[in-house]
Structure formats: structure tokens, C-alpha cells
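Residue numbers (the working numbering): 235 to 373.
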């Protein structure tokens, strides 16, 4: 079951939704819309609240994200660092070449594991501390 985590209203073309659900031991946080200076703090806070509830293994689903800027990248790195300090794990979902290009330009494409969908990301249950030694480069 999907649970609305947060709704961050902005102007009409900038409304972001954050929902979460659990799948195979992962907390899947699905984000839609723009991830930028306006929405990134709210997304970060939503994930931190879930961590406060004891969740440690996350899939950040970016499949419905239409825009990602450097503030969004910074928010993802901040979440990663927090999860690492709590022996958690994080994987990302995104198949949009435009969004993946932002990770590549930001030098982060090779330090995260990307899956094309949440179904593929949650196929295997999380094991141990997936962020131990992060950042590590993926081929």
C-alpha cells in the first residue's frame, strides 16, 4: 500500500508528491515532479521521518521525476550519508536519460546503483550495510 508521505505545493507546474511503501524489506520512496531547491528539503525531511520510524533500507524512486538540479543531488547525498551512519542502504530507480545525465555531470552516476524500476530494485531483499565504504564506484 502506498502512503502519502508529503505534498509540497508550489506554483501550479511545480507540485511534488512523495509517497512510500514497503516491498521485500525495502522502503520505496516515490517522488514525482521536480526535485529542486524548493522540493528537496521536504523530500529529505520525509526520508528522515521514515528513518526515525526505524526504516534503514531505501529505494528512492525517481522514475516520475521531471527535473533534478544540484540541490536535488545534494539532498540525495545528504540522505546517503545519514543512511550510511545508521548502517542503512540506498538504491535509486530512474530510466530517464535526462535525469541520469544530471547524475553523470555531477560525478555521481558511478557511485550509486540505478535500477530501471522499483520492482527490479526490490527484487532482492536488502543485505547488511549496503553503504559501507560509500562512495564506491560501480561499473
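Here a beta-carbon is modelled for each residue, glycine too, at the ideal position from N, C-alpha and C.
In this structure, residue 302 sits near residue 333, with a CB-CB distance shorter than 8 Å.
DSSP, reduced to helix, strand and coil, places residue 330 outside both helices and strands of the structure shown, so it counts as coil. In the three-state reduction of the DSSP assignment, residue 353 falls in the helix class. Under the criterion of beta carbons closer than 8 Å, residue 356 and residue 262 qualify as touching, at roughly 6 Å. Pairing residue 277 with residue 296, the inter-Cα distance amounts to about 12 Å.
In the structure shown, the three-state DSSP call for residue 286 is helix.
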